[in-house]
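Encoded as structure tokens, the structure appears first; notes follow it.
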Amino acid sequence: MSDGQAGRRPGQSAHAARPPLVLLVPGLAALVFLALPLVALLVRAPWSELVEIVATGPVAQALWLSLRTATTATLVSLVLGVPLAWLLARGRLPGGGVIRALVTLPMVLPPVVGGVALLSLLGRRGLLGEHLDAWFGLTIPFTTTAVVLAQTFVSLPFLVLSVDGALRGLDRRYEDVSATLGASRWTTFRRVTLPMIAPAVGAGAVLCFARALGEFGATITFAGNFPGTTRTMPIAIYLAMEQSPQAAIALSIVLVAISALVLILLRSRWLTALGSTT
Amino acid sequence: MRLGRSAGVVLTAMLLASCSGGTPDDGPSDLMGSGTVAPAPDEITGDLTVFAAASLQGVFEELATTFEEQHPGVTVALNFAASSALAEQVNAGAPVDVLATASASTMEQAAAEVSDPVTFASNTLVIVTPSDNPGVVTGLADFADPDLTLAVCAVEVPCGAAAEKVFTAAGITPAVDTFAENVTATLNLAVSGEVDASLVYATDALGAGDTVSTITFPESAEAVNDNLIAAAAQAPNAAAAQAWLDLVLSDEGAAVLTAAGFDLP
């Protein structure tokens with residue numbers, strides 16, 4: 001905290017009065033709007049059959065695949081996304097604004113179209129995929145690798161934007177001092193910058209994981225749907241909807257519960273990140 | 001439900017008011033300026049809402065044009081989606097006049113909300129390959145080849161259930177690489193060359209034209225898929241719904257269905 005209230009968390013100020021109504025009313029409305037549909041889902045859930053539906057082999061298989069691929073996609077995003085965010089914020093790239101817009105495009109692109117884009121590049125007759133197939137006999141669609149690629153494609157921007165925002169909000173003087181003291185740019189990044197943006201990296205990673213876990217459109221389009229290899233939870237839920245909406249709701253609850261658990265476990269990190277980036 | 005036919009923008013409000021029970025008709029095409037001509041006894045007016053399986057899109061769009069020519073007072077609104085999704089929407093109280101599904105079971109899902117479903121067309125599976133047939137697929141037996149990249153519909157959707165039936169009938173354990181979410185996605189995998197072969201309906205294969213090669217196989221007779229149509233029990237425009245059913249079941253409707261690759265019952 002650099003606001004001079006050392007040792008005092010936001011919201012704990014002795015002078016904190018009741019929140020103003022103009023903020024309280026729309027704020028609570030937003031909360032209700034986000035929470036109520038989930039409550040409705042919980043009310044409609046087939047609780048008595050929940051265990052029976054969820055404990056089946058195919059569901060456990062889809063859940064396990066989802067957790068594995070979303071974790072891998074998050075790790076890939078960390079390894080690639082933090083450097084990209086640094087380049088955007090510090091790299092003085094020519095046309096940095098254009099590149100930043102490019103990075104956000106996968107966020108606005110309908111995921112299904114993202115899947116088509118990946119197929120156009122890496123599919124068996126794609127720009128690159130054609131050669132991968134001809135030269136190495138390598139085909140990516142319909143593999144678990146394709147699931148991870150699809151999830152990374154849609155979730156990486158969340159990490160990059162989160163870290164980029166933190167870097168740009170950072171007080172450059174710490175890095176300048178480090179450089180004055182003779183540290184190389186890599187050492188400065190590792191020993192000064194990274195520790196200061198760690199909360200934003202954590203928050204970005206959580207967003208990234210949540211997005212990857214819920215990914216559907218790009219996955220089914222690019223990676224397809226095969227039990228154990230590419231059928232993730234969102235795909236299992238979509239297909240369950242075709243036959244039994246009750247089963248689909250049960251599966252959704254499992255996915256929501258897992259996501260909520262992850263978010264709650266990282267809650268303190270999340271709050272700290274918000275505090276340091278504002 | 002009969003609309004007062006009068007020209008003039010000033011009468012629009014009256015016109016809307018007279019359109020009781022249905023969706024207000026505010027399209028300028030309904031202000032025909034036909035003066036005070038009394039409508040013929042059998043003339044049908046208003047909106048007609050038809051929910052139909054995605055596989056019926058081409059046929060129903062063509063029939064809608066015919067229908068609007070035959071009944072100039074009616075505006076046809078078509079909604080295409082997976083049959084199961086449509087059945088769910090009908091059960092949830094969607095204001096629909098006609099429901100047409102791609103299977104008997106999906107029509108059964110909406111049984112309480114429709115009256116007297118009839119089979120009006122049927123569809124069988126065929127093999128489609130990319131037009132150059134890179135996997136040299138010749139018949140259903142090739143679906144057991146693990147070296148080929150193969151797609152069928154997920155068993156949860158009607159074309160997937162049909163695929164399972166033909167594999168069982170043929171005694172084949174298929175080496176499928178992906179279970180696509182619907183028949184269009186399955187077809188597109190063959191069109192784009194991502195797979196060596198897909199199983200789709202004859203109508204889809206016909207619709208894809210030269211972009212795919214089509215192979216028929218005898219086991220398809222084991223999984224004939226019926227298309228059912230019914231008027232909604234609570235149809236807001238029952239007269240128009242009946243007229244639509246009449247058109248679909250007429251010789252004219254049969255010709256359009258056959259041209260699209262459907263078999264007739």
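So the protein sequences, as listed, match chains P and D.
Be aware that the first sequence starts at 1, since it is given in full-length UniProt numbering, and climbs by one per residue.
Be aware that the second sequence starts at 1, since it is given in full-length UniProt numbering, and climbs by one per residue.
All residues carry an ideal CB built from backbone N, CA and C; glycine is no exception.
Report the option in the options whose CA atom is closest to the CA atom of residue i.
i                 : options                                   : result
Glu88 of chain D  : D:Glu108, D:Asp204, D:Ala169 and D:Ala239 : D:Glu108
Glu181 of chain D : P:Thr187, P:Asp176, P:Met241 and P:Asp164 : P:Met241
Val192 of chain P : P:Gly129, P:Arg172, P:Thr74 and P:Gly204  : P:Arg172
Gly169 of chain P : P:Ala35, P:Arg231, P:Arg90 and P:Val79    : P:Arg90
Ser103 of chain D : D:Asn225, D:Ala254 and D:Leu264           : D:Asn225
Ala221 of chain D : D:Ala154, D:Leu140, D:Pro236 and D:Leu249 : D:Leu140
Leu38 of chain P  : P:Ile264, P:Gly182, P:Leu138 and P:Val254 : P:Val254
Val148 of chain P : P:Val163, P:Ala166, P:Ala101 and P:Thr74  : P:Thr74
Gly73 of chain D  : D:Pro130, D:Asp47, D:Val155 and D:Asp97   : D:Asp47
Thr214 of chain D : D:Ala175, D:Ile229, D:Thr168 and D:Pro130 : D:Pro130
Leu102 of chain P : P:Ala150, P:Leu122, P:Phe189 and P:Leu161 : P:Leu161
Leu194 of chain P : P:Leu65, P:Thr71 and P:Val82              : P:Val82
Pro234 of chain P : P:Val163, P:Val256 and P:Gln243           : P:Val256
Val59 of chain P  : P:Gln243, P:Ala260 and P:Ile237           : P:Ile237
Ala166 of chain P : P:Ala29, P:Val79 and P:Pro199             : P:Pro199
Ser83 of chain D  : D:Asp263, D:Ala255 and D:Ala100           : D:Ala100
Find the residues of chain P that neighbour residue i, judging by a C-beta separation of less than 8 angstroms, and give them in chain order.
i                 : result
Ser192 of chain D : Leu119, Gly123 and Arg125
Glu88 of chain D  : Pro245
Ala154 of chain D : Asn225, Leu239 and Glu242
I'd like to know whether the C-beta of residue i is nearer than 8 angstroms to at least one C-beta of chain D.
i                 : result
Leu128 of chain P : no
Leu239 of chain P : yes
Phe226 of chain P : yes
Pro20 of chain P  : no
Ile220 of chain P : yes
Around the Cβ of residue i, are there at least 16 other Cβ atoms within 10 angstroms (buried) or fewer (exposed)?
i                 : result
Asn188 of chain D : buried
Asn91 of chain D  : exposed
His131 of chain P : exposed
Asp251 of chain D : exposed
Pro106 of chain P : buried
Pro111 of chain P : buried
Asp177 of chain D : buried
Gly253 of chain D : buried
Gly93 of chain D  : exposed
Arg92 of chain P  : exposed
Ala17 of chain P  : exposed
Leu56 of chain D  : buried
Ala38 of chain D  : Note on Ala38 of chain D: pLDDT 42, under 50, position unreliable in the model; the coordinate value appears next. Its Cβ having fewer than 16 others within 10 Å, Ala38 of chain D is exposed.
Arg190 of chain P : exposed
Ser34 of chain D  : Here Ser34 of chain D scores only 42 on pLDDT, less than 50, and its place in the model should not be relied on; the value that follows carries that caveat. Ser34 of chain D should be labelled exposed.
Val32 of chain P  : exposed
Trp244 of chain D : buried
Asp164 of chain P : buried
Asp25 of chain D  : Here Asp25 of chain D scores only 42 on pLDDT, less than 50, and its place in the model should not be relied on; the value that follows carries that caveat. Classification of Asp25 of chain D: buried, given that the 10 Å Cβ count is 16 or more.
Asp246 of chain D : exposed
Ser77 of chain P  : buried
Gln70 of chain D  : exposed
Answer yes or no: does any C-beta atom of chain P fall closer than 8 angstroms to that of residue i?
i                 : result
Asp177 of chain D : yes
Ser84 of chain D  : yes
Glu181 of chain D : yes
Glu113 of chain D : no
Ala208 of chain D : no
Ala197 of chain D : no
Thr129 of chain D : no
Thr149 of chain D : yes
Pro174 of chain D : no
Could you spell out the range, first to last residue, of the beta strand (DSSP E) harbouring residue i?
i                 : result
Phe67 of chain D  : Unbroken run through Phe67 of chain D is the alpha helix (DSSP H), Gln57 to Gln70; no beta strand (DSSP E).
Pro117 of chain D : Val114 to Asn123
Ser213 of chain D : Val212 to Ile215
Tell me which residue opens and which closes the alpha helix (DSSP H) that residue i is part of.
i                 : result
Ser178 of chain P : Arg172 to Thr180
Phe136 of chain P : Gly129 to Phe136
Ile99 of chain P  : Gly96 to Val108
Phe167 of chain D : Pro158 to Ala170
Ala166 of chain P : Thr144 to Gly169
Name the chain P residues that come within less than 7 angstroms of residue i, Cβ to Cβ?
i                 : result
Val157 of chain D : Glu242
Along chain D, in chain order, which residues have C-beta atoms closer than 8 angstroms to that of residue i?
i                 : result
Thr230 of chain P : Thr178
So with CB distances below 9 angstroms, who are the chain D contacts of residue i?
i                 : result
Phe142 of chain P : Thr149, Ala151, Asp177, Thr178, Glu194 and Val195
Is residue i close to chain A? Criterion is C-beta to C-beta, closer than 8 angstroms.
i                : result
Pro37 of chain P : As a matter of chain content, chain A is missing from the structure shown, whose protein chains are P and D.
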